[in-house]
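S.K.: My structure is below; once you've seen it, I'll send some questions.
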Amino acid sequence: MKYLIVITTVNDHQAAQKLAQEIMAQRLAACIHIDSIESFYYWEGALQQEPEFRLSCKITNEQYAALEALIKANHPYELPAIYAIALEHVEATYGAWISTNLFPEPP
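Counting from 4, one number per residue, gives the positions in the sequence shown under my numbering.
Here it is as structure tokens:
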């Protein structure tokens, strides 16, 4: 089984919670962490420095396409950052927990 952490960022805590709740309601992540971060980036040629909230979603590879589509459909940004980091090693019992807490498993 291939496990991933899918990451996206939003502009405020309320937006992060709303997106996390939608993802969890669809059972597209077993767990989501929300962290407060500070981002530096260029947008339309100008340097930006903004507080943001990072969502880190624990999933299996099978959920990626559906999770990406849900994030795109519900994201407040014009161009959301959505990317996945493959997890090379996951403890077996924890990996099984991730797998059993994702769609299409019943609640």
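Think of the CB as a built atom: it goes at the ideal place given N, C-alpha and C, for glycine as much as any other residue.
Remember, predicted model here, so these are calculated numbers, not experimental data.
1. Q24 by DSSP, collapsed to three states: which one?
2. Pull the bridge partners of A7 from the DSSP assignment, please.
3. Would a C-beta distance cut-off of 9 Å place E65 and V9 closer than the cut-off?
4. What residue from K61, W46, S42 has the CA that sits closest to Q52's CA?
5. Measure the alpha-carbon distance for L105 versus A18 and round it to whole angstroms.
6. Compare the Cα-Cα distances from T11 to each of T96, I40, L50 and report the closest residue.
7. Does the Cβ of I26 have 16 or more other Cβ atoms within 10 Å, making it buried, or fewer, making it exposed?
M.R.: Here's the rundown:
1. DSSP places Q24 in helix when its eight states are reduced to three.
2. Reading off the sequence, residue 7 comes out as Leu, not Ala. Looking at the DSSP output, L7 bridges to I62, A89.
3. For the 9 Å CB-CB criterion, E65 and V9 do not form a contact.
4. It is S42.
5. Separation of L105 and A18 (C-alpha to C-alpha, rounded to the nearest whole angstrom) is 22 Å.
6. Taking only the C-alpha atoms, the option nearest T11 is I40.
7. Buried, since its Cβ has 16 or more Cβ neighbours within 10 Å.
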